[in-house]
RNA sequence: GCCCCGGUAGCUCAGCUGGAUAGAGCAACGGAUUUCUAAUCCGUAGGUCACAGGUUCAAAUCCUGUCCGGGGUACCA
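Numbering (the numbering used here), first residue to last: 3 to 541.
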């Protein structure tokens, strides 16, 4: 990779002069007129050796072996060292894109495994727009890891045994009772969503009108129906899980008792106010946390520690948890628990995303499954399409609050960023078809004919793909891929608008440009497929 | 009170491991359609990077404080 070469060029210079310096860098330039890459090394060195930075920069320029053809070095004003990379370097990369196609930039296969836990919504109601971010983020993070050679397990962890599920059963019964004319007051703080009416109808059809409130059908059947709907939503989002894990398992197999017992042996728990506390203060935290409530029910932390022990023991090389901002307080406790019990945690990555503010009819919709005040993910998919939904939920960084304006997303669907990307792809498809029937030149490719500014910029943008994917692997931020693809599409549309590809008077150039289109299409298609968004041939 | 995110153009957000003239989309305004798909392109306008200090040759970026918004703070998960 070129950046490494530039860095070693500079370290060679430093070594040959016996300068010890560590915090300099070589960075890609986004601004025009300063070369492709720049280094701040002279500015930093200047302070250390008390010399004018510009002089140092000039010295580095002079250090270059003039035979070097890959790049040229120059110095500018305050003391930056700028590198201009030979176009041949970029053309070589373009050749690789054309040769390797969908595999371009992909690291070789390695035998690593990863587990990504996401959604993890309990089956108390359909997936809402609020769940969309976690769901789609998790799926794309999984795809990014797969692309980088991981064997990924997508895992959905849920609890169908707790208080909320009991409440769901009671709420379901209340709906049923009302429909068969019984006077039953619904549970306080129960669920009231319309989806429960539909389920109550089904219960009547299937099991009749003589069920009493104790019937298991209210809880079990309701849960089953809701889970079916969740799975359907996931399916329409093109998401497939490898594993569904139940919290109940860790009650049944003693995992939870075991955690309590071991923590107790380590003197990390104590009783107070009828509750069992986790002495996290002994592990560097300011406050202790409750593991078992005074009612005897564990808090979220305890089973989650047991669950994570299970995940760690399954031996993954990487474990990723996708959590909403509401978990930000609890996950450090889970990690502390794991550490205290002697488990590895250095391979656990927690991605905390901020919440989505959904706006509809100019109002903020507060999401609450219980109060049935929500827009479902299905609603969004129906109105906007899967591609738009997938894109909108990841177009912002996970750390930013996401404003999802339903009306705007719908109104603007024709000038949507998603369509901008897809249109670039479709345009290329059409063009290539046209080229094949009009010219159909297939030998004698000479990419060096691509000398226009728009062509060069596009080629450089495409060449950045492997580096960009590396950054995305590091940060696990799909939004960065979306941004990059927008830049690729913009470069392409610009090139397309300013230059004609098919020119019967200049077949060699036509052929070179057609290959530039091919390369662009490969990058767009690869990127879109990682995002799980379709790359249409026609629009 | 304490903890975690965020505050950048009218709106939604990039940029944040410090670098040169702070970017994009939408909205506004003005252009391009004898055409390889105008779902596009070109141009104009739009900024106290919340505020105040500090560190530095250099701060939107790092540190401290203040203000504002979101989330959390056992008995919702």
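Don't be surprised by glycine CBs; every beta carbon is placed ideally from N, CA and C.
- Annotated three-state conformation of residue 123 is coil, per DSSP.
- In the DSSP assignment, residue 391 falls within the unbroken alpha helix (DSSP H) covering 388 to 396.
- The C-alpha of residue 75 is placed about 11 Å away from the C-alpha of residue 88.
- Taking a cut-off of 8 Å on C-beta distances, the region 415 to 427 touches the region 479 to 490, as three or more cross pairs fall below it.
- Residue 10 holds the alpha-carbon nearest to the alpha-carbon of residue 26 among 10, 459, 37, 189.
- A direct Cα-Cα distance of roughly 40 Å separates residue 23 from residue 139.
- Going by DSSP, residue 234 is part of the alpha helix (DSSP H) stretching over 218 to 238.
- The Cβ atoms of residue 512 and residue 443 sit closer than 8 Å to each other.
- Nearest to residue 342 by alpha-carbon distance, out of 536, 215, 281, is 281.
- Taking a 10 Å sphere around the C-beta of residue 510, we find fewer than 16 other C-beta atoms and assign the residue as exposed.
- Residue pairing for residue 324: DSSP places it in a beta bridge opposite 353.
- Excluding residues up to 5 positions away in sequence, 279, 280, 281, 282, 283 lie with their Cβ nearer than 7 Å to the Cβ of residue 290 in the same chain.
- Proximity of the region 323 to 331 to the region 348 to 365 meets the contact definition, three or more beta-carbon pairs being nearer than 8 Å.
- Classified as exposed, residue 112 has fewer than 16 neighbouring CB atoms from the shown chains inside 10 Å of its CB.
- Of the candidates 518, 258, 109, 258 places its Cα closest to the Cα of residue 336.
- The region 143 to 160 makes contact with the region 104 to 120: 3 or more CB pairs, one atom from each, lie closer than 8 Å.
- By alpha-carbon distance to residue 484, the top candidate from 470, 384, 524 is 470.
- For residue 124, the CB contacts under 8 Å within the same chain, skipping 5 residues up- and downstream, are 160, 161, 162, 164, 166, 167 in chain order.
- A check of alpha carbon separations from residue 479 across 338, 157, 135, 429 identifies 135 as the nearest.
- Collapsing the DSSP output to three states places residue 407 in a strand.
- Measuring C-alpha to C-alpha distances from residue 381 to each of 100, 296, 132, 55 identifies 132 as the nearest.
- For residue 147, the closest of 448, 500, 322 by C-alpha to C-alpha distance is 322.
- Here residue 116 carries a strand assignment [DSSP, helix/strand/coil].
- Proximity to residue 263 across 339, 472, 492 peaks at 339, based on C-alpha coordinates.
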